[in-house]
Amino acid sequence: MRFLCLHGMGTNERVMKMQIASLCHALGDHHEYDFVEGSIPCSPTPGIAQFLTVGEEAETFCFYEPNSAKSILTALADLAWYIASEGPYQGVIGFSQGAALAATLMIKQGRNHYSTVHPLFQCAIFLCAGAPYDPVALDQGKAVLLEAKPDAPSIRVATAHVVGEKDDALAASLALVEQCDPRNHRVYMHAGGHDVPREVQGVRRMISVVEEVLHLASHAQ
221 MRFLCLHGMG
231 TNERVMKMQI
241 ASLCHALGDH
251 HEYDFVEGSI
261 PCSPTPGIAQ
271 FLTVGEEAET
281 FCFYEPNSAK
291 SILTALADLA
301 WYIASEGPYQ
311 GVIGFSQGAA
321 LAATLMIKQG
331 RNHYSTVHPL
341 FQCAIFLCAG
351 APYDPVALDQ
361 GKAVLLEAKP
371 DAPSIRVATA
381 HVVGEKDDAL
391 AASLALVEQC
401 DPRNHRVYMH
411 AGGHDVPREV
421 QGVRRMISVV
431 EEVLHLASHA
441 Q
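Residue numbers (the working numbering): 221 to 441.
This is the structure:
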């Protein structure tokens with residue numbers, strides 16, 4: 221599979237490469253990963269100093285300003301253009317804000333018939349995800365999170381959700397879970413915070429969940 225990879229707010233593509241290195245290694249070298257960097261400079265998120273070096277590699281970015289509908293719509297349009305230009309991608313891996321951006325685009329594009337039959341991605345891996353925005357509200361100039369409708373999931377493709385039990389943004393991650401088809405989503409809650417698991421057992425559980433989702437995606441084609 222070919223994966224589009226979107227980092228979190230206040231980090232960069234280099235940080236994300238290190239965050240998911242163990243996952244990529246475990247999945248094998250028959251997958252391809254395309255890391256995309258946000259275009260808005262912002263302060264580094266707390267806790268990533270260990271990943272940063274000096275110079276340009278220490279610059280950190282975000283994809284959008286969280287409370288600005290205009291900024292979010294611009295990020296969605298830019299991402300859609302990038303996918304059309306550089307794709308196709310079979311999957312997406314998003315961390316935090318990157319996951320929220322990917323999910324919002326999937327929901328937005330999934331509301332037309334063509335995207336329902338031919339979804340943007342075959343699967344999605346959401347790591348410590350932010351909650352998706354309401355596409356209708358965005359078009360009205362309001363940055364409002366999308367309310368879940370359990371009987372009408374907004375994302376129907378296979379999804380893996382890796383969430384941290386001690387993550388301050390846990391509620392947002394679980395809000396995204398509620399937007400996804402319960403028949404096709406798998407959730408792993410690790411004991412840590414706003415990060416991917418690093419201990420051996422946690423990494424194994426994460427990989428197991430992701431592999432199950434890739435299996436679901438391959439059999440849905």
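Where is the CB? At the ideal position from N, CA and C, for every residue including glycine.
query                                                                                                                 : result
Pick from E252, Y284, P402, V364 that is closest to R222, judged by C-alpha positions                                 : E252
C-beta atoms of A380 and I345 nearer than 9 Å                                                                         : yes
Segment limits, beta strand (DSSP E) that includes D254                                                               : 252 to 256
Residues of its chain near L347, where Cβ-Cβ distance is below 6 Å and the 5 sequence neighbours each way are ignored : F315, V382, V416
Contact set for S288: own chain, Cβ-Cβ below 7 Å, skip 5 residues either direction                                    : A363
Whole-Å CB distance - E285 paired with E257, under 8 Å assumed                                                        : Not really, about 16 Å apart at Cβ, beyond 8 Å.
Three-pair Cβ contact test at 8 Å for the stretch 422 to 435 versus the stretch 400 to 414                            : yes
Own chain residues within Cβ distance below 8 Å of H333, not counting five before or after                            : Caution is warranted here: a pLDDT of 49 is assigned to H333, below 50, making its placement in the model unreliable, and no coordinate value can be reported.
First through last residue of the beta strand (DSSP E) which encompasses C343                                         : 343 to 347
Beta-bridge partners of I375, as assigned by DSSP                                                                     : C400
Residue ranges of each beta strand (DSSP E) within the stretch 272 to 317, 3 or longer                                : 311 to 315
For R222, the first and last residue of its enclosing beta strand (DSSP E)                                            : 222 to 226
Selection from S263, Y302, A246, C225 that minimises the alpha carbon distance to V426                                : The sequence shown places Met at residue 426, not Val. Closest option to M426, Cα to Cα, is A246.
Distance between C400 and P370 (C-alpha atoms, nearest Å)                                                             : 9 Å
Alpha carbon of I268 to alpha carbon of K237, nearest angstrom                                                        : 13 Å
Contact under 9 Å by Cβ, L224 with A322                                                                               : yes
Between the CA atoms of Q310 and D249 - distance to the nearest angstrom                                              : 15 Å
Continuous beta strand (DSSP E) stretch holding R418: start and end                                                   : Taken as a continuous stretch (DSSP letters only), R418 belongs to no beta strand (DSSP E), as it is neither H nor E.
Three-state secondary structure (DSSP) of I240                                                                        : coil
Beta carbon of A392 nearer than 9 Å to that of A351                                                                   : yes
Per-residue burial, E373 [other beta carbons within 10 Å of its own, 16 or more giving buried]                        : First, the residue type needs correcting, since residue 373 is Pro and not Glu in the sequence shown. Answer is buried; the Cβ neighbour count reaches 16.
Reduced DSSP category for L365 - H, G, I as helix; E, B as strand; rest coil                                          : strand
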